[in-house]
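Remarks on the structure that follows.
In our numbering, the protein residues as written are 1 to 249.
Okay, here's the thing in structure tokens:
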């Protein structure tokens with residue numbers, strides 16, 4: 001079995017299109033999507049249309065925390081990135097978001113969730129120190145969150161950090177990184193920055209071999225400066241810098 005995993009597109013349609021072209025060039029037809037599809041100051045409507053096409057082609061998508069905000073939060077209470085996305089969406093897009101499951105099992109062997117199996121807003125593989133430094137979460141805490149999951153391969157997103165962690169029993173947890181948002185800051189649980197240091201779109205290929213599951217992390221070039229300029233035009237210099245450099249001020 002060989003398939004692609006994408007996550008955290010965040011309305012970056014240009015990045016998503018480049019990733020889909022790369023996946024097709026590799027001859028891969030099957031894709032799973034780990035959520036946070038639309039939120040951001042970019043092209044939520046175009047991205048949603050493309051997501052609906054992927055849905056028609058049997059792509060399995062789970063709901064991210066920002067996907068949930070778009071259908072559960074009153075429009076006037078949405079944060080800026082969610083509000084910008086909301087203004088571009090039509091009823092069919094909201095209907096699709098409402099149908100997304102919190103988690104899913106793909107082909108009986110792969111567990112999918114956006115963040116953790118318990119919470120769509122908590123990093124699984126990372127933790128943030130009191131002084132705002134993200135670091136690899138202790139193994140015992142990662143394992144505790146994986147209790148009750150029998151599948152040998154587990155996929156999550158949310159942190160935008162491409163990473164693989166092997167559990168003591170051999171199960172593998174993989175975060176494919178972010179297709180559309182290479183850097184950001186957040187104030188939960190403490191103020192911190194997540195920076196890839198590059199402007200490329202990220203995703204992963206998962207292949208089942210005789211020895212077990214093997215991830216291949218891929219970075220794809222696209223016209224990131226067009227998206228950076230769009231973010232700036234939409235009043236988001238923070239996103240503009242993140243898309244241009246993979247860093248935040």
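Every residue, glycine too, gets a C-beta built ideally from N, C-alpha and C.
Per DSSP, the continuous beta strand (DSSP E) segment holding residue 175 begins and ends at 172-175. Secondary structure of residue 163 (DSSP, three-state): strand. Between residue 179 and the set 165, 29, 36, 25, the nearest pair of CA atoms involves 36. Around residue 11, the same chain offers 38, 40, 42, 43, 44, 47, 85 as residues with beta carbons nearer than 6 Å, after the five sequence neighbours per side are excluded. By the CB criterion at 7 Å, residue 223 and residue 5 fall outside the cutoff. Residue 126 sits buried, since 16 or more C-beta atoms from the chains shown fall within 10 Å of its C-beta. Residue 133 and residue 192 do touch by the CB rule: their CB atoms are close to 7 Å apart, below 8 Å.
In the three-state reduction of the DSSP assignment, residue 65 falls in the helix class.
In the DSSP assignment, the residues bridged to residue 33 are 6, 61.
With a minimum length of 3 residues, the unbroken runs of beta strand (DSSP E) contained wholly in the segment 172-237 fall at 172-175, 183-186, 192-195, 201-209, 212-220.
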